[in-house]
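Protein chains: 2
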Amino acid sequence: MIETMSDKEMEELLTTRCYGHLGCLMDDGRPYVVPITYAYGYNCLFSFSFEGQKIDCMRSNPDVCVQVEQALEGDRWRSVIAWGEFEELTEEQERTNALTLLLNRLWNEGVKEHSIFVPFRNSEKSMEAALNDEGCVLFRVNIEEMTGRYEKYE
Amino acid sequence: MIETMSDKEMEELLTTRCYGHLGCLMDDGRPYVVPITYAYGYNCLFSFSFEGQKIDCMRSNPDVCVQVEQALEGDRWRSVIAWGEFEELTEEQERTNALTLLLNRLWNEGVKEHSIFVPFRNSEKSMEAALNDEGCVLFRVNIEEMTGRYEKYE
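Protein sequence lines correspond, in order, to chains X and E. Start counting the first sequence at 0; every next residue gets the next number (numbering that gives the first Met the number 0). Start counting the second sequence at 0; every next residue gets the next number (numbering that gives the first Met the number 0).
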C-alpha cells in the first residue's frame, strides 16, 4: 500500500540523504537525468558541479526536479520528488555558506553512507580545494513544490 | 579520471541492471524524475507502470531520458544515460513478449539484486497477474542516443 508523506517526513528524508537524481531540460527540450550529491537546508538543495552539460542546461532552463529515495527495512522504500529553481551561487558569502554545509554533510555523514558519485573522497582538504576551484559551480535548488510517498505494509 | 564507455560496455551495463531513473516532461514543461524497473532488449528498455502522472506525461510528450548507474569495487562507478521515445505496448503479442522479458529479468535476476522499487516480490504468479492487469501499462523506450561514463583509477 502506497501512502503519502507529510511535510515533516519529506524534510527528514531530504536531510538524512545526500544523494539523488536531478532532471533538467536540454536546449532541444528533451529531459536530462543525472545523479547528484547535495546537502539539504533552508528549503534548498545545495549542490555543485564542474562546468558541463548539466550546468549549461540549468542556466538555460532553471526549472529542475530532484528525486531522492531511501530503502527501508523489509524491502520497503520511501521517495521524495522536489521541484524548484536552479540558482547559481556567485557571491563569496553564499559560496562559503554552501561549501560549509556541503563539507559537513558529505564529509561527516555522506561519504561514509554513500559510496557512489561522491567525489573527492581522499581527504577533506582536497574536497574543499576542489569545491573552491573556479571551475566548480556551486548552486542551490530553491524548492517550490514537493511530493513524497512510501510503501506501507498492511 | 572519467572515461567514456563503448557501445558494448553501455549495452552490458543496461543488461546487467534492471533499475534506473526516468526523466520526462510534465504538461507545464517542467521535468519529472521517477525510479523505474526495466528489462533491456532489442535496443529498448521495457517497463511498466500503473496509470498515473508518469504515464500521462509520457503520453503527452514521448521524449524521455533514462539514467542507469552501477557501483563498482573500490568506490568506482559507471553510468549510462539513454534518450529515447516512449511507446505504449497495446498489441497482445507485444505485451506477451514484454511481459516474458520483464518476468525473466526481474524475477530470475532483478529481485534478488535490487531490493527497492521492484513490485510484486511475493510471488512470480502475483507479479504476472499484476502486469497482466488492465490498469498496468506496459511500455518500451526506443533508445535513440546513449552516452556512458565510468570512473577509472590512474
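We treat Cβ as the ideally placed atom computed from N, Cα and C, and that holds for glycine. No experiment lies behind these values; they were computed from the predicted model shown.
query                                                                                                                                                           : result
Note down, in chain order, each residue of its chain lying with its Cβ closer than 6 Å to the Cβ of I80(E), except the 5 sequence neighbours on either side.    : Q66 and T146
Got a sec: is the Cβ-Cβ distance from S114(X) to anything in chain E below 8 Å?                                                                                 : Only weak support exists for where S114(X) lies, its pLDDT of 44 falling under 50; the value from the coordinates is given anyway. Yes, its Cβ sits closer than 8 Å to a Cβ of chain E.
Should the segment 48-60 of chain X be called in touch with the segment 21-31 of chain X, which here means at least 3 C-beta pairs below 8 Å?                   : yes
For my contact list, M4(X) and R94(X) are in at a C-beta cut-off of 8 Å; report their separation, rounded to the angstrom.                                      : Not quite, the Cβ-Cβ distance comes to about 32 Å (not below 8 Å), so this is no contact.
Do you know offhand how far L71(X)'s Cα is from E10(E)'s?                                                                                                       : 30 Å
So is N121(E) in contact with chain X if we call contact Cβ pairs under 8 Å?                                                                                    : In this prediction, N121(E) has a pLDDT of 49, which is less than 50 and means its spatial position is unreliable; nothing more can be read from the coordinates.
Taking C-beta to C-beta, are G19(E) and G22(X) nearer than 8 Å?                                                                                                 : no
Report the neighbours of G22(E) on chain X: residues whose CB is nearer than 7 Å to its CB, in chain order.                                                     : G22, P30, Y31 and V32
Do we get a CB-CB distance below 8 Å when we pair W106(E) with the residues of chain X?                                                                         : no
Distance, Cα to Cα, W82(X) vs P61(X)?                                                                                                                           : 10 Å
What does DSSP give as the partner residues of C43(E) in its beta bridges?                                                                                      : G40(E) and N141(E)
What residue does the alpha helix (DSSP H) around E2(E) start on, and which one ends it?                                                                        : Segment I1 to T3 is the beta strand (DSSP E) holding E2(E); no alpha helix (DSSP H) there.
Please confirm whether any heavy atom of the ligand COA lies closer than 7 Å to the CB of L100(E).                                                              : The ligand COA is not part of the structure shown, which contains no ligands of any sort.
For S59(X), which residues of its own chain have a beta-carbon under 7 Å away from its beta-carbon, when the five flanking residues on both sides are left out? : D26
In whole angstroms, what is the alpha-carbon distance linking V63(X) and L44(X)?                                                                                : 11 Å
What in chain X is Cβ-close to V63(E), meaning under 7 Å?                                                                                                       : P30
Taking just the CA atoms, how far does E2(X) sit from D132(X)?                                                                                                  : 43 Å
Along the alpha helix (DSSP H) that carries D6(E), what are the first and last residues, could you check?                                                       : D6 to T15
The alpha helix (DSSP H) with D55(E) in it runs from where to where?                                                                                            : Q52 to S59
At 7 Å on the CB atoms, spell out the chain X contacts of S59(E), in chain order.                                                                               : Chain X residues near S59(E): none, gap ~13 Å exceeds 7 Å.
Taking Cβ-Cβ distances shorter than 8 Å, what residues in chain X pair up with I80(E)?                                                                          : Y31, V32 and V33
Name the two residues that bound the continuous alpha helix (DSSP H) containing E90(X).                                                                         : From DSSP, E90(X) is part of no alpha helix (DSSP H); its letter is neither H nor E.
Would you report the Cα separation of N141(X) and K151(X), rounded to the nearest angstrom?                                                                     : 30 Å
Of all Cβ atoms in chain A, is any one closer than 8 Å to the Cβ of C56(X)?                                                                                     : In the structure shown, chain A cannot be found, because the protein chains are X and E.
Taking the Cβ atom as the reference point for each residue, do S48(X) and Y37(X) lie within a distance shorter than 8 Å?                                        : no
Below 8 Å on the Cβ atoms is my contact criterion, and I expect L88(X) with R139(X) to pass it. Report the Cβ-Cβ distance as a whole number of Å.               : 6 Å
Rounded to a whole number of angstroms, what is the C-alpha to C-alpha distance between T14(X) and I35(E)?                                                      : 23 Å
With E68(E) as the anchor, note down where its beta strand (DSSP E) starts and where it stops.                                                                  : D62 to A70
Is the beta carbon of Q92(E) less than 8 Å from the beta carbon of L12(E)?                                                                                      : no
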